[in-house]
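With positions in the sequence shown counted from 1, the corresponding number in my numbering is that position plus 888.
For glycine and all other residues, C-beta sits at the position ideal for the given N, C-alpha and C.
Remember, predicted model here, so these are calculated numbers, not experimental data.
Please read the structure below before turning to the comments.
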Amino acid sequence: MAPTTLERLAILDAVASAGTIAGAARSLGYTPSAVSQQLATLEQEARTALVERSNRGVSLTAAGQLLAQRGGEILDGVRSAFDDIDTAANRARTPLVVAAFPTAIVEILLPLRARLAATIDLSIVDAESEHALHAVSTRSADGALIDGYAHQLRPALGNLDRTAVRTESIRMVTRPDRLHDTFAAYADAEWVIAGPASPIGHALRQLCHDTGFVPRVIAETDDHRITFDVIRACGAVSLLPELALADLPDDLVVVDRVAVPIERRIEFVTRRSLSAHRAIVTLVEALEEDQPSSPAVVG
889 MAPTTLERLA
899 ILDAVASAGT
909 IAGAARSLGY
919 TPSAVSQQLA
929 TLEQEARTAL
939 VERSNRGVSL
949 TAAGQLLAQR
959 GGEILDGVRS
969 AFDDIDTAAN
979 RARTPLVVAA
989 FPTAIVEILL
999 PLRARLAATI
1009 DLSIVDAESE
1019 HALHAVSTRS
1029 ADGALIDGYA
1039 HQLRPALGNL
1049 DRTAVRTESI
1059 RMVTRPDRLH
1069 DTFAAYADAE
1079 WVIAGPASPI
1089 GHALRQLCHD
1099 TGFVPRVIAE
1109 TDDHRITFDV
1119 IRACGAVSLL
1129 PELALADLPD
1139 DLVVVDRVAV
1149 PIERRIEFVT
1159 RRSLSAHRAI
1169 VTLVEALEED
1179 QPSSPAVVG
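Below, the structure is given as structure tokens:
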């Protein structure tokens, strides 16, 4: 087999991510014709078909999937080598792109960005967990902070490495005049809960169901600031992860007397081929050392 080029491996990787020739061309800044020509050359070098074309786009053959995976590892390896050379020569900070959900950006990544600024040039992408995973898989991000709950079995992440960086409790939040001693005592309360498609929205609905009631939801939102406003205005109740309580208003309270049997696990995910990258290792070590602050609680 004739040797290929990194450019052709990158083109195959882009086609695998985009699912169309046109999409790969846009992401690379090429014309669709140039992408098709390079793919054809790569297939000649591999002496087998790498993609199958249809009206819906292109899909990789088994050989194409294998070459895309191995090619991606090579691309990450070359990128890591050049980053290491720059680091050794003290020429530049290592660029990293990390996707994360909003509260993780504010409470975890931004403080770390300042602490690691001497060696890492950290760029941040706002993305909920599933979109963040996709960004890592498609190489638009080097890593991601994702969340998950104990009741969920997250599917296998293929060639991605996962590192648990924090486990945080879920806390009940309400107004001081709405305090009760048990979770079941809030069966008749008005609730603010994230939508059922979100991890925490699903988890909390399941908890209410297991306790024997269907929550009377008056607002669905993933934004904890809106949640605070609804609680304040209506005397509603909600369950929120600890990260969201960093800016809990003074006129709302965390109900410490009610234990919520749910925890949120926050993980850092990166491609396996980047897991030994010096900047990734530094970031993961900093994430593991970072400790959450405890929210104020009452009664």
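Coarse secondary structure for residue i, derived from DSSP in three states
i: V1141; result: strand
i: A1032; result: strand
i: S1126; result: strand
i: S1117; result: Correcting the residue type first, residue 1117 is Asp in the shown sequence and not Ser. In the structure shown, D1117 sits in a helix (DSSP, three-state: H, G or I).
i: T1188; result: Since the first residue of the chain shown is 889 and the last is 1187, residue 1188 is not available in this structure.
i: E1176; result: helix
i: S1011; result: strand
i: E1016; result: coil
i: A1148; result: The identity of residue 1148 in the sequence shown is Val, whereas the question assumes Ala. Of the three classes helix, strand and coil, the one that applies to V1148 here is coil, per DSSP.
i: L948; result: strand
i: T908; result: coil
i: T1170; result: helix
i: S1181; result: Interpretation of S1181 is limited by its pLDDT of 48, a score under 50 that renders its predicted location unreliable; the figure taken from the coordinates is listed afterwards. Three-state result, S1181: coil.
i: I899; result: helix
Contact belief for residue i with residue j at Cβ below 8 angstroms, rounded distance in angstroms
i: V939; j: G960; result: Not a contact, Cβ separation roughly 16 angstroms.
i: R1159; j: D972; result: Actually they do not touch by this definition, with Cβ atoms about 17 angstroms apart.
i: C1122; j: I1106; result: 6 angstroms
i: R958; j: L930; result: The Cβ separation is near 13 angstroms, so there is no contact.
i: A1157; j: A1077; result: Strictly speaking, residue 1157 in this sequence is Val, with Ala absent from that position. Not a contact, Cβ separation roughly 36 angstroms.
i: L948; j: A934; result: That belief does not hold up - the Cβ atoms of L948 and A934 are roughly 12 angstroms apart, past 8 angstroms.
i: D901; j: R1104; result: Wrong, their Cβ atoms sit about 49 angstroms apart, outside the cutoff.
i: D1192; j: I993; result: Residue coverage of the chain in this structure runs from 889 to 1187, which leaves residue 1192 outside it and unanswerable.
i: R1120; j: L1133; result: Contact doesn't hold; Cβ gap of about 15 angstroms is too wide.
Burial state of residue i, where buried means 16 or more other Cβ atoms lie within 10 Å
i: D1030; result: buried
i: P1087; result: buried
i: V1080; result: buried
i: A977; result: exposed
i: G1100; result: exposed
i: S1011; result: exposed
i: Q925; result: exposed
i: G1083; result: exposed
i: T893; result: exposed
i: I1114; result: exposed
i: L1162; result: buried
i: A1005; result: exposed
i: D1098; result: exposed
i: T991; result: buried
i: R979; result: exposed
i: S1017; result: buried
i: A904; result: buried
i: D1135; result: exposed
i: S1025; result: buried
i: R1145; result: exposed
i: R1054; result: buried
i: R944; result: exposed
i: V923; result: buried
Near the ligand FMN: residue i beta-carbon under 7 angstroms from a heavy atom
i: A969; result: For the ligand FMN, the structure offers nothing, since it holds no ligand at all.
Next on the checklist: Within 8 angstroms, do at least three Cβ pairs link the region 1140-1153 to the region 961-971?
Outcome noted: no
Item to check | Length at least 3, wholly inside the region 1038-1113: the beta strand (DSSP E) runs in chain order | outcome: 1048-1062, 1078-1081, 1104-1108
Checklist entry - Which runs of the beta strand (DSSP E), 3 residues or longer, sit entirely within the region 963-995? => result 982-988
Checklist entry - What beta strand (DSSP E) runs, 3 residues minimum, are completely inside the region 917-946? => result 939-942
Checklist entry - Are three or more beta carbon pairs between the region 979-987 and the region 1011-1023 nearer than 8 angstroms? => result yes
Checklist entry - Are the region 913-932 and the region 970-983 touching, with three or more C-beta to C-beta distances below 8 angstroms? => result no
Checklist entry - Between the region 995-1005 and the region 1087-1096, do at least 3 Cβ pairs fall closer than 8 angstroms? => result no
Item to check | Segment contact, 8 angstroms Cβ cut-off, at least three pairs: the region 1051-1069 with the region 1122-1142 | outcome: yes
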